[in-house]
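**Q** Chains as they are written, first to last, in numbering that gives the first Met the number 0: chain A, 0 to 531; chain B, 0 to 419.
Every residue gets a Cβ at the ideal spot worked out from N, C-alpha and C, and that includes glycine.
Remember, predicted model here, so these are calculated numbers, not experimental data.
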Amino acid sequence: MQLTVWTYEGPPHVGAMRVATGMEGLHYVIHAPQGDTYADLLFTMIERRDKRPPVTYTTFKGRDLGQDTAELFMTAAREACERFKPQAMLVSSSCTAELIQDDPGGLAKGLGLPVPAIPLELSSYQRKENWGASETFYQLVRGLAGPQAPAPGTERPPRPEGQRPRCNILGPTALGFRHRDDIQEITRLLNRLGIDVHVTAPMGATPVDITRLGEADFNVVLYPEIAATAAKWLERMFKQPFTKVVPIGVGATREFIAEVAALAGVDPAPALEDGDSRLPWYSRSVDSNYLTGKRVFIFGDATHAVAAARVATEEFGFTVVGLGTYSREFAREVREAAKRYGIEPLITDDYLEVEAQVAELHPELVLGTQMERHIAKRLGVACAVISAPVHVQDFPARYAPQMGFGGANVLFDTWVHPLMMGLEEHLLGMFREDFEFHAEAGPSHLGASAPAETRPVAATAPAAATADTPEPEATAADGEPVWSPEAEKELRKIPFFVRGKARRNTERFARERGISRIEIDTLYDAKAHFGR
Amino acid sequence: MSSDKLTDIPVLRERGQNSMFCGLTGIIWLHRKIQDAFFLIVGSRTCAHLMQSAAGVMIFAEPRFGTAIIEERDLAGLADANEELDRVVARLLERRPDIRMLFLVGSCPSEVIKLDLERAASRLSQQHQPQVRVLSYSGSGLETAFTQGEDTCLAALVPELPQAPADAAPDLLVVGTLADVVEDQFMRLFTDMGITRVQFLPARNSREMPAVGPNTRYILAQPFLGDTARCLEQRGATRIAAPFPLGEEGTTRWLKAVADTFGVAGDRFDQVTAPGIERARRGMARMREQLAGKRLFMLPDSQLEIPLARFLHREAGMELLEIGTPHLHRQHLAEELALLPAGTTLSEGQHLDKQLDRCRAARPDVVVCGLGLANPLEAEGITTKWSIELVFTPIQGYDQAADLAELFARPLLRKAKLRV
Numbered sequence: 000m001q002l003t004v005w006t007y008e009g010p011p012h013v014g015a016m017r018v019a020t021g022m023e024g025l026h027y028v029i030h031a032p033q034g035d036t037y038a039d040l041l042f043t044m045i046e047r048r049d050k051r052p053p054v055t056y057t058t059f060k061g062r063d064l065g066q067d068t069a070e071l072f073m074t075a076a077r078e079a080c081e082r083f084k085p086q087a088m089l090v091s092s093s094c095t096a097e098l099i100q101d102d103p104g105g106l107a108k109g110l111g112l113p114v115p116a117i118p119l120e121l122s123s124y125q126r127k128e129n130w131g132a133s134e135t136f137y138q139l140v141r142g143l144a145g146p147q148a149p150a151p152g153t154e155r156p157p158r159p160e161g162q163r164p165r166c167n168i169l170g171p172t173a174l175g176f177r178h179r180d181d182i183q184e185i186t187r188l189l190n191r192l193g194i195d196v197h198v199t200a201p202m203g204a205t206p207v208d209i210t211r212l213g214e215a216d217f218n219v220v221l222y223p224e225i226a227a228t229a230a231k232w233l234e235r236m237f238k239q240p241f242t243k244v245v246p247i248g249v250g251a252t253r254e255f256i257a258e259v260a261a262l263a264g265v266d267p268a269p270a271l272e273d274g275d276s277r278l279p280w281y282s283r284s285v286d287s288n289y290l291t292g293k294r295v296f297i298f299g300d301a302t303h304a305v306a307a308a309r310v311a312t313e314e315f316g317f318t319v320v321g322l323g324t325y326s327r328e329f330a331r332e333v334r335e336a337a338k339r340y341g342i343e344p345l346i347t348d349d350y351l352e353v354e355a356q357v358a359e360l361h362p363e364l365v366l367g368t369q370m371e372r373h374i375a376k377r378l379g380v381a382c383a384v385i386s387a388p389v390h391v392q393d394f395p396a397r398y399a400p401q402m403g404f405g406g407a408n409v410l411f412d413t414w415v416h417p418l419m420m421g422l423e424e425h426l427l428g429m430f431r432e433d434f435e436f437h438a439e440a441g442p443s444h445l446g447a448s449a450p451a452e453t454r455p456v457a458a459t460a461p462a463a464a465t466a467d468t469p470e471p472e473a474t475a476a477d478g479e480p481v482w483s484p485e486a487e488k489e490l491r492k493i494p495f496f497v498r499g500k501a502r503r504n505t506e507r508f509a510r511e512r513g514i515s516r517i518e519i520d521t522l523y524d525a526k527a528h529f530g531r
Numbered sequence: 000m001s002s003d004k005l006t007d008i009p010v011l012r013e014r015g016q017n018s019m020f021c022g023l024t025g026i027i028w029l030h031r032k033i034q035d036a037f038f039l040i041v042g043s044r045t046c047a048h049l050m051q052s053a054a055g056v057m058i059f060a061e062p063r064f065g066t067a068i069i070e071e072r073d074l075a076g077l078a079d080a081n082e083e084l085d086r087v088v089a090r091l092l093e094r095r096p097d098i099r100m101l102f103l104v105g106s107c108p109s110e111v112i113k114l115d116l117e118r119a120a121s122r123l124s125q126q127h128q129p130q131v132r133v134l135s136y137s138g139s140g141l142e143t144a145f146t147q148g149e150d151t152c153l154a155a156l157v158p159e160l161p162q163a164p165a166d167a168a169p170d171l172l173v174v175g176t177l178a179d180v181v182e183d184q185f186m187r188l189f190t191d192m193g194i195t196r197v198q199f200l201p202a203r204n205s206r207e208m209p210a211v212g213p214n215t216r217y218i219l220a221q222p223f224l225g226d227t228a229r230c231l232e233q234r235g236a237t238r239i240a241a242p243f244p245l246g247e248e249g250t251t252r253w254l255k256a257v258a259d260t261f262g263v264a265g266d267r268f269d270q271v272t273a274p275g276i277e278r279a280r281r282g283m284a285r286m287r288e289q290l291a292g293k294r295l296f297m298l299p300d301s302q303l304e305i306p307l308a309r310f311l312h313r314e315a316g317m318e319l320l321e322i323g324t325p326h327l328h329r330q331h332l333a334e335e336l337a338l339l340p341a342g343t344t345l346s347e348g349q350h351l352d353k354q355l356d357r358c359r360a361a362r363p364d365v366v367v368c369g370l371g372l373a374n375p376l377e378a379e380g381i382t383t384k385w386s387i388e389l390v391f392t393p394i395q396g397y398d399q400a401a402d403l404a405e406l407f408a409r410p411l412l413r414k415a416k417l418r419v
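So, in structure tokens, the structure goes:
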């Protein structure tokens, strides 16, 4: 058993729902107990969709357990097929139905439905949401495009003369972080290169569209967590190469353009010359000078975390002090990236472990998910969201891609916003007794929202121990250095967002030299030793 | 359709997909009410996901609920699962030493694999006494729909309540979670009537739970407390029958039932309730203008539907089309059913698609439904009031009557206002 306060991903059937809900003309029948319909509101409330997800639940209850749950499933599948007249169906069990083993796939087959019913085996006790989406998309592609595949060993016929190159965009789903606008941004970029988008899937595609995937010249994989498996299969079956670069950030977008242009045999120049990315100039302008070396902690799905780390270092001038992901399937990519920044990667789906590491590293900015907002709030650190899971505010009305040059503009504004503005940061460093602008008041451009210095009873939890809580003198017993009142007071003069780091460095400095009582001089000795 | 003996109101019973929450969602308000309790769901990732989807907008410093997620290896053997549970609980209590009461909450997976949480609770209680009491109840979708999770939770609490001496003076127990402000208002009214021995279940703190015994008179403040009532009666308590305290009429009748039980004189009752009645009526006059004649359709959700429909019909003048409820407790709702207008269509249970067909055909002015349906219906041009809010808002008592009506008037007002 795993003790969970928050979970980064839902169960795998929610991943399957994301594929089904993103598509048109597909219906998903899920064998699930009463209550599992809660997942509908992820789509109708968080993503604000104006239609019910195309999902029918059997919603069995305790009194149904026994012989007739299989009958319930068959009735639900038959009725859904008649009512919604889909082009294809998905069938599976939720976690509870997996335990009662009714075999929806076999039952659906026995019904003789007029449309293909694709069974999903989702292993709810081992796997999670993104895997569920990936597996569902893969099974759909295999089941629907498979029959169109050429005989093994057949070469791809060359593109007919005069026909523009075309690609599929793979990966966007319902409930994806900014998938809606990423599609638009990338479609526009491809168009500028003279490349047509053949099918975008799962989002917006029908089962009939899926059968036509093999007609494109190559595939653009925007979200490997969801589409890598399907893209690899398409490469094997249809000889369609696929893109490996995820175009988040200016540098990655330029590489993506080069990669796509090479796959399509077109000139990358028209897209590269485009000047609608303001990030490079904004980041070079002197106002951004103070961003240099800001210590940032990054956590999210592997794709967004790795991309954010590159953008943070190369395009913002930040220092990445922590990098991690909950996507175990993509741990290798995150490990490799962490190596580039000389840090230990954090591969975990345990929220408490992430919290402990943020508390330990004292970053000045956290780039993470909705969960890291909880952590950052508790620790009083600035935070911006870069990855799912997200809540309703991250499905905005405005155009807000993460990808392409337009996405880079959004990243610049979003990440800088929570930080203290430059002038305020300077003034705080000089004058600390202002009744209005003081360290604990938080950035004044964010209005009244102060990072909470007051914490509830819960602060007794070990993980809650934060930098600014003065340790009682009693810690001397553990061989830990003790702060003299003068040094403690001097420490308070250091701006709050780097104070935690200063405290930790000074204590480390004292410990290493066997200093048991930290005086003002120890503080400055440590500062000189560690720099900054 | 079958005829109901108590009231002669026909009840449509249907079976099929329903769109209700499971009982786990009760934790979202219960963990705020009982401030030193922690709710540990023993379930799957789906359960954890449900909880954070429902409560995730609140950014918590430290939530007082969590999930012990059953993994593949727990499914292998039950002995293991018990050891695992002990380990998880020990870790949790170490992290949260301020917790005094721990609820192990059963889910669909834990019930299907027949993990005995009751036995686990008594084992863990022994291990962690006297600091922490460990109880168990079911919040699974197999056994409970939405507010029934509160019923099973309180029913688990009842056997743990202290015993009131057999010769104690009669006291009043108000049962069902109420907003703190509502609780305080009722307390003042009872005090003014001279009823001073009043307690609430649940109390705000696990150490202040009320005593119960043969001289306990209890009144339900919520309509979904069937099991809790049964457990209280097993301990000798007697129910005071009344409609539920929604709206001016419901509140007056509810208070009156208590007053009669405790022998409060008629003129004293009138004197105490008059200001509240007057304020509630004044507030409702405005609301009535907006709601009278509007046609209401309610999908099943919380079991609050029938008292709400009674209030909206009798005090706001709304016309009732179909009133759905997940479960109809005939005895507890007898006083409510008697106040419903003849010809009201009641439905118990749900076949979602068929019910939506009826709803669309009826073209109601307001549909009360869950969040999975609200936006899709709005997009079809049907005005909705999402039902969950009714459980999270102070709605009982005189001074909330107009607020309650306003919840239904607001979507209509908004529809009239918007020009986009």
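Tell me the residue span of the beta strand (DSSP E) that contains K384(B).
**A** Numbered from its first residue, the second sequence carries residue 384(B) at position 385. First-last of the beta strand (DSSP E) with K384(B): 383–385.
**Q** Would you say L219(B) touches the ligand PLP, meaning its beta carbon is less than 7 Å from a heavy atom?
**A** With respect to the ligand PLP, the structure offers nothing, as it holds no ligand at all.
**Q** Using the three-state DSSP reduction, which class does P201(A) fall into: helix, strand or coil?
**A** Position 202 of the first sequence, counted from the start, is the residue given in the question as residue 201(A). Here P201(A) sits in coil by DSSP.
**Q** Residues of chain A with CB closer than 9 Å to the CB of Q330(B), please, in chain order.
**A** In the second sequence, residue 330(B) corresponds to position 331, counting from 1. Going along chain A, no residue has its Cβ under 9 Å from Q330(B), so there is no contact; the nearest lies around 21 Å.
**Q** Using three-state DSSP, classify H350(B) as helix, strand or coil.
**A** As a working note, residue 350(B) is residue 351 in the second sequence. If DSSP states are grouped into helix, strand and coil, H350(B) belongs with coil.
**Q** Using 8 Å for Cβ pairs, my map puts T228(A) next to Y137(A). What's the rounded Cβ distance?
**A** Locating residue 228(A) in the first sequence gives position 229, where the first residue counts as 1. Locating residue 137(A) in the first sequence gives position 138, where the first residue counts as 1. T228(A) to Y137(A), Cβ: 4 Å. Contact.
**Q** How far does the beta strand (DSSP E) with N204(B) in it reach, from first residue to last?
**A** For the purposes of this step, residue 204(B) is identified with residue 205 of the second sequence, where counting begins at 1. Counting along the chain, N204(B) falls outside any beta strand (DSSP E), and DSSP gives it neither H nor E.
**Q** Could you pull the DSSP bridge partners for H26(A) from this structure?
**A** Here the question's residue 26(A) lines up with position 27 in the first sequence. Per DSSP, M88(A).
**Q** Note down, in chain order, each residue of its chain lying with its Cβ closer than 6 Å to the Cβ of I256(A), except the 5 sequence neighbours on either side.
**A** Position 257 of the first sequence, counting from 1, holds the residue named residue 256(A). Hits under 6 Å: P267, A270, L271.
**Q** Measure the Cβ-Cβ separation of S109(B) and L116(B) and say whether it is below 8 Å.
**A** As a position in the second sequence, residue 109(B) is number 110, starting the count at 1. As a position in the second sequence, residue 116(B) is number 117, starting the count at 1. Contact flag set, yes.
**Q** Spatial neighbours of G105(B) within its chain, please: C-beta separation below 6 Å, excluding the five flanking residues on both sides.
**A** Working through the second sequence from its first residue, we reach residue 105(B) at position 106. These residues qualify, in order along the chain: L116, S137, S139.
**Q** Give me the Cβ distance between M192(B) and F102(B), rounded to the nearest whole Å; I'm assuming they're in contact under 8 Å.
**A** Start at 1 with the first residue of the second sequence, and residue 192(B) comes out as number 193. Start at 1 with the first residue of the second sequence, and residue 102(B) comes out as number 103. So it is not a contact: roughly 34 Å between Cβ atoms.
**Q** Rounded to whole angstroms, what is the Cα-Cα separation between M419(A) and V481(A)?
**A** Indexing the first sequence from 1 puts residue 419(A) at position 420. Indexing the first sequence from 1 puts residue 481(A) at position 482. Answer to the nearest angstrom: the Cα atoms are 31 Å apart.
**Q** Find the residues of chain B that neighbour L98(A), judging by a C-beta separation of less than 9 Å, and give them in chain order.
**A** Numbered from its first residue, the first sequence carries residue 98(A) at position 99. Correct list: L74, C107, P108, V111, I112.
**Q** Looking only at DSSP bridge pairs, what is V197(B) linked to?
**A** The residue labelled residue 197(B) in the question sits at position 198 within the second sequence. V197(B) pairs with L171(B).
**Q** Listed in chain order, which residues of the segment 173–196 of chain A have Cβ atoms closer than 9 Å to some Cβ of chain B?
**A** Flagged: no residues at all.
**Q** Exposed or buried, what is A130(A) when buried is set at 16 or more other beta-carbons lying within 10 Å of its beta-carbon?
**A** Taking the first sequence and counting its residues from 1, one reaches residue 130(A) at position 131. According to the sequence displayed, residue 130(A) carries Trp and not Ala. Classification of W130(A): buried, given that the 10 Å Cβ count is 16 or more.
**Q** Closer than 8 Å, CB to CB, is W5(A) near chain B or not?
**A** As a first step, residue 5(A) is located in the first sequence; it is residue number 6 there, counting from the start. At least one chain B Cβ lies under 8 Å of W5(A).
**Q** Secondary structure at A116(A), three-state DSSP: helix, strand or coil?
**A** For the purposes of this step, residue 116(A) is taken as residue 117 along the first sequence, with counting starting at 1. Here A116(A) sits in strand by DSSP.
**Q** Considering only the beta carbon of each residue, do L258(B) and Y397(B) sit closer than 8 Å?
**A** Position 259 of the second sequence holds residue 258(B). Position 398 of the second sequence holds residue 397(B). Note on residue identity: the sequence assigns Ala, not Leu, to residue 258(B). Result no, Cβ atoms of A258(B) and Y397(B) do not sit closer than 8 Å.
**Q** Can you list the residues of chain A that C21(B) reaches, using a CB-CB cut of under 7 Å?
**A** Counting from 1 along the second sequence, the entry for residue 21(B) is found at position 22. Within 7 Å Cβ-Cβ: Q33, G34.
**Q** Of the choices T153(A), G175(A), A396(A), whose alpha-carbon is the least far from that of L300(A)?
**A** If you number the first sequence from 1, residue 300(A) lands on position 301. The question names Leu, yet the displayed sequence has Asp at residue 300(A). With distances taken between Cα atoms, D300(A) lies closest to G175(A).
**Q** If you run the structure through DSSP and keep just helix, strand and coil, what is A227(A)?
**A** Sequence index remark: in the first sequence, residue 227(A) carries index 228 (1-based). DSSP places A227(A) in helix when its eight states are reduced to three.
**Q** Which residues mark the beginning and the end of the alpha helix (DSSP H) in which G131(A) is found?
**A** The count along the first sequence starts at 1 and reaches residue 131(A) at position 132. Segment 128–144, the alpha helix (DSSP H) holding G131(A).
**Q** Under 8 Å by Cβ, that's how I've got L92(A) and H178(A) pegged, so tell me the actual separation to the nearest angstrom.
**A** Translated into the one-based positions of the first sequence, residue 92(A) becomes position 93. Translated into the one-based positions of the first sequence, residue 178(A) becomes position 179. Before going on, a small fix: residue 92(A) reads as Ser here, not Leu. Contact doesn't hold; Cβ gap of about 27 Å is too wide.
**Q** Apart from the five residues just before and just after V18(A), which ones in its own chain have a Cβ nearer than 6 Å to its Cβ?
**A** Position 19 of the first sequence, counting from 1, holds the residue named residue 18(A). The residues are A132, T135, F136, T172, P201.
**Q** Would you say R503(A) reaches chain B, if we count a Cβ-Cβ gap shorter than 8 Å as a contact?
**A** Locating residue 503(A) in the first sequence gives position 504, counting from the first residue. Judged by the 8 Å Cβ criterion, R503(A) is not in contact with chain B.
**Q** Do we get a CB-CB distance below 8 Å when we pair R90(B) with the residues of chain A?
**A** Within the second sequence, residue 90(B) is the residue found at index 91, counting from 1. By this cut-off, R90(B) is an interface position.
**Q** Would a C-beta distance cut-off of 8 Å place G246(B) and L219(B) closer than the cut-off?
**A** Here residue 246(B) refers to the residue found at position 247 when the second sequence is read from its first residue. Here residue 219(B) refers to the residue found at position 220 when the second sequence is read from its first residue. For G246(B) and L219(B), no; Cβs fall outside 8 Å.
**Q** Below 8 Å between beta carbons: does that hold for A47(B) and T6(A)?
**A** Within the second sequence, residue 47(B) is the residue found at index 48, counting from 1. Within the first sequence, residue 6(A) is the residue found at index 7, counting from 1. Yes, they are a contact pair.
**Q** Run through chain B and tell me which residues come within less than 7 Å of L110(A), C-beta to C-beta.
**A** Taking the first sequence and counting its residues from 1, one reaches residue 110(A) at position 111. Within 7 Å Cβ-Cβ: nothing; L110(A) doesn't reach chain B, min ~17 Å.
**Q** First and last residue of the alpha helix (DSSP H) that includes T324(A)?
**A** If you number the first sequence from 1, residue 324(A) lands on position 325. Per DSSP, T324(A) belongs to no alpha helix (DSSP H); it is in the beta strand (DSSP E), 318–324.
**Q** What is the DSSP secondary structure of G299(A), counted as helix, strand or coil?
**A** For the purposes of this step, residue 299(A) is taken as the residue at position 300 of the first sequence. Reduced to three states, the DSSP call for G299(A) is strand.
**Q** Anything in chain B within Cβ reach of K84(A), meaning under 7 Å, just list it in chain order.
**A** Along the first sequence, one-based indexing puts residue 84(A) at 85. The premise fails here: K84(A) is roughly 13 Å from chain B at the closest Cβ pair, so nothing lies under 7 Å.
**Q** Going along chain B in order, which residues have a C-beta closer than 7 Å to the C-beta of Y27(A)?
**A** On the first sequence, position 28 is the one that residue 27(A) refers to. Those within 7 Å of Y27(A) in chain B number zero; the least Cβ separation is about 13 Å.
**Q** Can you list, in chain order, the stretches of the alpha helix (DSSP H) that have 4 or more residues and sit fully within the segment 351–382 of chain A?
**A** Runs of the alpha helix (DSSP H) inside the segment 351–382 of chain A: 369–378.
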